[in-house]
Amino acid sequence: MAGRQFSIRYKILVLMTAITSVALVSFVFMASKIFREDKMAYVFDSTSNLSGTLAWQIKNQLNSILISSKPLFDDYLQQREFSSVSQIFFKNDQFLDAVFVYESDKEISQLEKKSVIEKTSGVADEAELDVFSQLNLNRNLLTKTDKVIAQLSKDSRLILIQKAENKESQKLLFFVMLLRLSEIEEMFKNSLAQKLYLIDGQGRILFGAEGDQGQKLTNQIQLRFLSSPQKLAQSVEVAEDSKKQQVLVSYSRVGFSDLYVVSTVLQKNALSALDVLLRKSFIFFILLISLTVMVSLLASSQLTKSLTTLFEATKKVALGQFNFQVNIKSNDEIGTLADNFNLMASEVSRLLGQTAEKARMENELKTAQTVQETLFPQTYSQLGPLEVAGFYEPASECGGDWWHYCQVGTKIFFWIGDATGHGAPSALLTSAAKSASSIIERLNVTPGQAMELLNRCIYDVSRGRLMMTFFIGAYDVNTKELSYSNASHEAPFLIKKSEEVLKKKSLIPLNEVNNPRLGQARDTKYAESKIQIDAGDLVFFYTDGIPDIRNGGDEAWGEREFIKSIVNSNKDYPSAQDSVKRFSTSFQDYRQGSTLVDDVTFFVVKSLE
Numbered sequence: 009m010a011g012r013q014f015s016i017r018y019k020i021l022v023l024m025t026a027i028t029s030v031a032l033v034s035f036v037f038m039a040s041k042i043f044r045e046d047k048m049a050y051v052f053d054s055t056s057n058l059s060g061t062l063a064w065q066i067k068n069q070l071n072s073i074l075i076s077s078k079p080l081f082d083d084y085l086q087q088r089e090f091s092s093v094s095q096i097f098f099k100n101d102q103f104l105d106a107v108f109v110y111e112s113d114k115e116i117s118q119l120e121k122k123s124v125i126e127k128t129s130g131v132a133d134e135a136e137l138d139v140f141s142q143l144n145l146n147r148n149l150l151t152k153t154d155k156v157i158a159q160l161s162k163d164s165r166l167i168l169i170q171k172a173e174n175k176e177s178q179k180l181l182f183f184v185m186l187l188r189l190s191e192i193e194e195m196f197k198n199s200l201a202q203k204l205y206l207i208d209g210q211g212r213i214l215f216g217a218e219g220d221q222g223q224k225l226t227n228q229i230q231l232r233f234l235s236s237p238q239k240l241a242q243s244v245e246v247a248e249d250s251k252k253q254q255v256l257v258s259y260s261r262v263g264f265s266d267l268y269v270v271s272t273v274l275q276k277n278a279l280s281a282l283d284v285l286l287r288k289s290f291i292f293f294i295l296l297i298s299l300t301v302m303v304s305l306l307a308s309s310q311l312t313k314s315l316t317t318l319f320e321a322t323k324k325v326a327l328g329q330f331n332f333q334v335n336i337k338s339n340d341e342i343g344t345l346a347d348n349f350n351l352m353a354s355e356v357s358r359l360l361g362q363t364a365e366k367a368r369m370e371n372e373l374k375t376a377q378t379v380q381e382t383l384f385p386q387t388y389s390q391l392g393p394l395e396v397a398g399f400y401e402p403a404s405e406c407g408g409d410w411w412h413y414c415q416v417g418t419k420i421f422f423w424i425g426d427a428t429g430h431g432a433p434s435a436l437l438t439s440a441a442k443s444a445s446s447i448i449e450r451l452n453v454t455p456g457q458a459m460e461l462l463n464r465c466i467y468d469v470s471r472g473r474l475m476m477t478f479f480i481g482a483y484d485v486n487t488k489e490l491s492y493s494n495a496s497h498e499a500p501f502l503i504k505k506s507e508e509v510l511k512k513k514s515l516i517p518l519n520e521v522n523n524p525r526l527g528q529a530r531d532t533k534y535a536e537s538k539i540q541i542d543a544g545d546l547v548f549f550y551t552d553g554i555p556d557i558r559n560g561g562d563e564a565w566g567e568r569e570f571i572k573s574i575v576n577s578n579k580d581y582p583s584a585q586d587s588v589k590r591f592s593t594s595f596q597d598y599r600q601g602s603t604l605v606d607d608v609t610f611f612v613v614k615s616l617e
């Protein structure tokens with residue numbers, strides 16, 4: 009009897025307490041780990057989507073400004089001054105406050121101001137010192153690129169420098185635009201859940217929270233991606249701020265100059281729900297242990313049976329099985345313990361279900377990709393006197409590019425468009441464009457009229473939230489004329505057959521008209537133009553994703569190599585199929601299997617007679 013002084017009741021109490029403690033600690037540990045990983049993935053996914061969306065919006069805005077300002081630059085290059093028409097054009101531009109023109113030699117050793125226009129008297133004088141300073145600071149960068157973004161030191165306006173060449177004097181011209189991007193600036197100032205920044209390659213903040221402009225974000229947060237030799241177009245990282253706090257960082261390359269959109273969230277804020285969960289789990293843990301002790305003292309036999317059931321359940325939890333229920337029929341505390349255990353297992357099972365749901369959505373995107381492929385025509389066809397061949401590759405499961413051709417009577421229509429961004433929303437927009445085109449092409453309309461009808465469809469579908477650039481051409485078999493209308497899309501190149509060697513200057517851009525994007529306003533009118541197509545001529549249609557193709561070193565193919573490849577692929581005026589094959593081979597060789605940053609779409613039309 010002396011060896012049995014420690015009663016069975018207390019042995020059961022110790023056993024029950026130990027088993028329950030181990031089970032709950034294991035459960036809380038695994039649940040918190042799963043929750044932490046899921047929460048981190050969710051934060052990174054949501055902030056990456058936001059930074060990527062803003063990056064594309066900024067890129068499109070800046071490119072739109074450059075495109076709309078091109079007539080202003082061309083006018084100056086032709087007349088060596090801004091004409092009255094340029095003045096009127098400038099006054100109506102909502103983004104430009106002033107435009108400076110500087111000239112220098114090719115080494116940019118000395119800058120000379122040539123001209124300036126301003127909306128309000130005195131604006132140029134106030135900003136001139138800053139403008140000249142930024143030109144000097146960016147000399148080295150301007151020798152490598154044709155456009156640079158900087159910020160005005162006095163306020164939040166941006167300085168956009170566009171480099172051009174004066175072929176007569178063999179000197180460089182710099183068009184320096186003073187921009188006011190109020191809407192985009194407000195997006196960065198008013199961000200709540202996370203902090204948003206627009207920075208340049210040196211980490212200087214162009215847009216951010218109030219008071220951050222002009223400072224270096226790298227002084228606040230240790231951003232590794234800026235110093236990385238291989239900068240990804242979009243990625244995430246965990247960094248440390250000046251207060252030694254962990255920060256979740258998502259960034260996206262704008263694709264314009266060296267700009268990045270950066271989103272930051274303090275890790276402790278992102279995981280604050282985990283702290284609450286752990287505190288509640290701890291309280292719940294203490295409560296369950298207390299109940300276990302009380303019940304074990306009052307009903308050892310029943311408790312032993314119930315604990316055996318719970319013990320078996322904890323082994324399943326240890327093996328990662330959460331989708332089960334503990335069946336203990338008891339109205340006492342151990343029954344409550346079982347119910348709460350079931351509740352926690354159901355919650356973890358729910359979290360695992362969300363992960364499975366995410367995988368299901370990825371499979372659905374694959375299905376959507378398969379469906380979207382049916383929207384595109386055959387990659388090769390001969391329509392009357394024309395031969396057509398094309399190429400399409402999306403940057404993600406679903407793309408935002410779309411091209412099409414069809415013959416209606418004596419007219420052969422060509423359609424190509426690029427929706428904002430890429431992914432499921434853009435794919436839905438291209439589906440709407442395809443559906444509308446199936447009706448429009450049967451209405452015996454001109455390209456301009458077709459564009460107006462298509463614009464109304466896109467606007468009604470997206471309500472101005474998503475837009476498309478678009479180009480529609482109609483070839484008349486009888487007159488051999490190509491009439492076309494352009495909604496801010498990349499102008500196709502006409503390659504006229506000639507006995508002379510094909511050169512870059514031989515490419516004729518079809519840019520006589522350039523209208524607003526589809527979906528920007530419902531009642532926009534679209535102008536159109538015409539051009540003659542002769543036997544042997546080729547027309548190269550494309551979207552803006554081709555010059556953005558990057559190699560393994562994250563270096564963009566660029567406009568220069570893009571044009572050079574068009575010339576090399578068509579120097580002997582080949583068939584449309586051979587032209588597409590040669591051109592795709594050239595950029596695939598450069599790409600080296602790297603991930604696309606944007607959808608790649610192009611097609612070639614050749615006149616056979």
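Heads up, the numbering used here is the position in the sequence shown plus 8, with the first residue counted as 1. Beta carbons are placed, not taken as given, at the ideal position from N, Cα and C, and that holds for glycine.
Buried versus exposed call for residue i [16 or more other C-beta atoms within 10 Å across all chains shown]
| i | result |
| --- | --- |
| residue 460 | buried |
| residue 351 | exposed |
| residue 237 | exposed |
| residue 117 | exposed |
| residue 231 | buried |
| residue 151 | exposed |
| residue 269 | buried |
| residue 53 | exposed |
| residue 133 | exposed |
Sequence-distant residues of its chain with Cβ nearer than 6 Å to residue i (five each side left out)
| i | result |
| --- | --- |
| residue 14 | Because the pLDDT at residue 14 is just 49, under 50, the model does not fix this residue reliably, and the value given afterwards should be weighed accordingly. Excluding sequence neighbours, residue 14 sits near nothing in its chain. |
| residue 266 | 208, 209 |
| residue 478 | 425, 495, 497, 526 |
| residue 181 | 111, 172, 174 |
| residue 539 | 490 |
| residue 560 | 600, 602 |
Residue range of the beta strand (DSSP E) that includes residue i
| i | result |
| --- | --- |
| residue 264 | Segment: none, residue 264 is in no beta strand (DSSP E) and carries neither H nor E. |
| residue 494 | 489 to 495 |
| residue 154 | That residue, residue 154, is in no beta strand (DSSP E); it is neither H nor E in DSSP. |
| residue 248 | 242 to 248 |
| residue 448 | First-last for residue 448: 432 to 448, but that is the alpha helix (DSSP H), not the beta strand (DSSP E). |
| residue 425 | 419 to 427 |
| residue 546 | 546 to 550 |
Sequence-distant residues of its chain with Cβ nearer than 8 Å to residue i (five each side left out)
| i | result |
| --- | --- |
| residue 98 | 80, 90, 104, 107, 125, 127 |
| residue 511 | 575 |
| residue 138 | 160, 161, 162, 167 |
| residue 323 | none |
C-alpha gap between residue i and residue j, whole angstroms
| i | j | result |
| --- | --- | --- |
| residue 244 | residue 257 | 6 Å |
| residue 44 | residue 337 | 34 Å |
| residue 467 | residue 284 | 45 Å |
| residue 165 | residue 75 | 19 Å |
| residue 30 | residue 37 | 10 Å |
| residue 597 | residue 565 | 11 Å |
| residue 618 | residue 272 | Residue 618 lies beyond the range of the chain shown here (9 to 617); nothing can be said about it. |
| residue 408 | residue 473 | 14 Å |
| residue 223 | residue 213 | 6 Å |
| residue 462 | residue 443 | 10 Å |
| residue 62 | residue 293 | 44 Å |
| residue 114 | residue 178 | 8 Å |
| residue 343 | residue 218 | 56 Å |
| residue 87 | residue 521 | 22 Å |
| residue 347 | residue 334 | 8 Å |
Supposed contact pair residue j and residue i - C-beta distance, whole angstroms, cut 8 Å
| i | j | result |
| --- | --- | --- |
| residue 595 | residue 557 | 5 Å |
| residue 215 | residue 192 | 7 Å |
| residue 411 | residue 611 | 6 Å |
| residue 517 | residue 535 | That pair is no contact at about 16 Å. |
| residue 399 | residue 592 | 5 Å |
| residue 83 | residue 72 | Rounded, the Cβ-Cβ distance is 19 Å, inconsistent with contact. |
Contacts around residue i, its chain only, beta-carbon distance under 7 Å, and the 5 residues preceding and following it disregarded
| i | result |
| --- | --- |
| residue 581 | 505, 544, 546 |
| residue 486 | 418 |
| residue 12 | Model confidence at residue 12 stands at a pLDDT of 43, short of 50, so the residue's coordinates are unreliable; what they give is reported in the following sentence. The answer is none, since no qualifying residue turns up. |
Residue interval of the alpha helix (DSSP H) (run including residue i)
| i | result |
| --- | --- |
| residue 221 | Taken as a continuous stretch (DSSP letters only), residue 221 belongs to no alpha helix (DSSP H), as it is neither H nor E. |
| residue 598 | 584 to 599 |
| residue 461 | 455 to 470 |
| residue 99 | 92 to 99 |
| residue 276 | 275 to 278 |
| residue 190 | 190 to 197 |
| residue 164 | Careful: residue 164 lies outside any alpha helix (DSSP H) and carries neither H nor E. |
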